[in-house]
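FYI, in our numbering the residues of the sequence shown are 489 to 917. No residue lacks a Cβ here, since even glycine has one placed at the ideal position from N, Cα and C.
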Amino acid sequence: MDTTHSTMKPRTPLWRRILGHIAAQWNLLAMGVLIALAYVFPRVGMTGGALRAEYTVTWGGVALIFLIAGLSLSLDALKSGLPHVQAHVVCAGFTYLVAPALAFGFGTAGRDAGLDVYVMGGMVVTGGLPTTVASNVSATLAAGGSTALASIEVLLSNTLGPFIAPLLAKMFLTPQMGWDEARPGRGDLTPIYVRMAKQLSAALLGPMLVGLFIQHLFPRPVARIRTVLHLAKVAAFLTSLCVWHSFSNAFASGAFLTASHASIIYLCFMSWASYLILTALVFLVVRLPGIPGTAAARWRMSKRDSLALLFCGPAKGVAVGAPTIAILYADRKLAVQAKLSLALVIYQGEQVAMAQVVVPLLRWWARDEVAAHEAAEAERLRAREIAKTRGEQGVLEGEKGVATGTEDVERGEARHRQLSIDEQLAVQR
């Protein structure tokens, strides 16, 4: 009897696969809906608007993002990823050296071509920002990469970023280089760092440390809450709210109307180019394709580690970037701040879209290491379950042994008491 058809799984209908693919892009769709809402109702999410988004989003939303990050970053993963100095050097080098230099080159070229100086200045500021938080770890996980390495890179980048980003902006955007209109602040960096320390410590480092501490004290309840409440998706949605707030300011202040169409088009294309160039450069540096030799083999990172750096290296975080721009240009009008934020929010949307495209491609490229890692993880979990089962059996046998021993002791004590009684009776006789 032919049982081939009976053992084959039914093929998923095409419409269901299409709906599943669309649902998987929920973050991108949510961002599009929020941008449309910002266009229709700009005064709801603008600074000073109905929801007072400069507090509810820039403070409250960002604080929740980093609290969730602290609750989500695996402590074991952070410990295992910390010794990977080579990866830290590569990630920090691209985040705070290569990306800022590339953004400065593109921004200066656009400014010299007569494009809007504030939009181009925002491109330069965006280049020096730290990597994003939620999407890096989730994209690395989806591609089968090392989430341990992605977690530690996110933590290190966002710890250093609030201190390095203002310095880079001040270094690049100087009057001597033709950036007098877009230079941050009007004096030294001290007032800027004071504001950064006040706001970002309260909304960034503080919540993240609190989350890590809570996770350390209550690891199992936190893991359960993280799964039940889908905290990763909550953090991604809160990040989209930061984009919504920035677009609300842009639409309310007329930033898209006062900035030339050429500036916006140039910004969009250069954002795509920057992400692709940085991704390609990270790949070349960590994999050294086509280069033989022992030294190259020692330097070359595994595919899973490479995946983490391919997502962390080019990415920029709007959760830190939006308040950073607001602090750097606190003395400027809302219209100027909105123009400076355009590069950040456009880059954020494009990097989310690019991640959705490259995740399946990178997973296919690293399929051998991903399959080996998943098999090892499955074997480790199976061994843990076996050990747990044996441990429970051992406990039961131990309890049974203790019970038997207790019964023997009680019988012995009873015999001893009976002997004592017999001896006393014998003496009386």
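* Local conformation of residue 794 per DSSP, three classes -> helix
* To do: Pick helix, strand or coil for residue 600, following the three-state DSSP scheme.
  => helix
* Asked: How about the segment 750 to 759 and the segment 827 to 837: do they share at least three Cβ pairs that are nearer than 8 Å?
  -> yes
* Straight-line Cα distance separating residue 672 from residue 719 -> 35 Å
* Please state whether DSSP places residue 890 in a helix, a strand or coil. => Any reading at residue 890 is ruled out, since the residue's pLDDT is 48, under 50, leaving its predicted position unreliable.
* Answer with buried or exposed for residue 894, where buried requires no fewer than 16 other C-beta atoms within 10 angstroms of its C-beta. => Bear in mind that a pLDDT of 49 at residue 894, under 50, signals an unreliable position, so the number given afterwards is only what the model happens to contain. So residue 894 counts as exposed.
* residue 771 versus residue 537: straight-line alpha-carbon distance, rounded -> 44 Å
* Taking residue 663 as the reference, give the member of 689, 609, 508 with the closest Cα. => 609
* In angstroms with no decimal places, state the Cα-to-Cα distance between residue 502 and residue 532. => 40 Å
* Tell me whether residue 808 sits in a helix, a strand or coil according to DSSP, three-state version. => helix
* Could you give the distance in angstroms between the alpha-carbon of residue 695 and the alpha-carbon of residue 564? -> 19 Å
* Quick one: give me the first and last residue of the alpha helix (DSSP H) that residue 540 is part of. => Run containing residue 540: none; DSSP gives neither H nor E here.
* Which of helix, strand or coil DSSP assigns to residue 917 -> With a pLDDT of only 47 at residue 917, under 50, the local geometry of the prediction cannot be trusted, and the value read off the model is given with reservation. Here residue 917 sits in coil by DSSP.
* Classification of residue 543 by the beta-carbon crowding that lies within 10 angstroms, buried from 16 upward -> exposed
* **Short Cβ contact (8 Å threshold) for residue 578 with residue 716** => no
* Which whole-angstrom value describes the C-beta separation of residue 541 and residue 535, a residue pair presumed to lie in contact below a C-beta threshold of 8 Å? -> 7 Å
* To do: May I ask you to report which of helix, strand or coil DSSP gives residue 926?
  => In the structure displayed, the chain extends from 489 to 917; residue 926 sits before or after that span and is not available.
* State buried or exposed for residue 706, treating a residue as buried only when at least 16 other CB atoms are found within 10 Å of its CB. => exposed
* **Residue burial classification, residue 500 (beta-carbon count within 10 angstroms, cutoff 16)** => exposed
* Roughly how many angstroms separate the alpha carbons of residue 704 and residue 520, rounded to a whole number? -> 37 Å
* Asked: Whose C-alpha, out of 669, 650, 632, 877, is nearest the C-alpha of residue 860?
  -> 632
* To do: Counting only the same chain and skipping the five closest in sequence on each side, list residues whose C-beta sits under 8 Å from that of residue 890.
  => For residue 890, the predicted structure reports a pLDDT of 48, less than 50, and the residue's modelled location is therefore unreliable. A value from the coordinates is still provided. Answer for residue 890: no residue qualifies.
* To do: Tell me whether residue 872 is buried or exposed, calling it buried when 16 or more other Cβ atoms sit within 10 Å of its Cβ.
  => exposed
* To do: Please say whether residue 621 and residue 740 have beta carbons closer to each other than 8 Å?
  => no
* Does DSSP put residue 671 in a helix, a strand or coil? -> coil
* To do: Verify whether the separation of the beta carbon atoms of residue 699 and residue 556 is less than 8 Å.
  => yes
* **Entirely enclosed alpha helix (DSSP H) segments - the segment 536 to 594, minimum 4 residues** => 550 to 560, 563 to 569, 573 to 581
* Could you name the residues of the same chain whose beta carbon sits closer than 8 Å to that of residue 793, not counting the 5 residues immediately before and after it, in chain order? => 572, 575, 633, 634, 637, 774
* Asked: First and last residue of the alpha helix (DSSP H) that includes residue 703?
  -> 694 to 705
* Local conformation of residue 789 per DSSP, three classes -> coil
* Residue range of the alpha helix (DSSP H) that includes residue 613 -> 605 to 615
* To do: Over the uninterrupted alpha helix (DSSP H) stretch that includes residue 649, give me the two end residues.
  => 635 to 660
* To do: Confirm, please, whether the CB-CB distance from residue 834 to residue 680 is below 8 Å.
  => no
* Output the distance between the C-alpha atoms of residue 826 and residue 734, rounded to the nearest integer angstrom. => 7 Å
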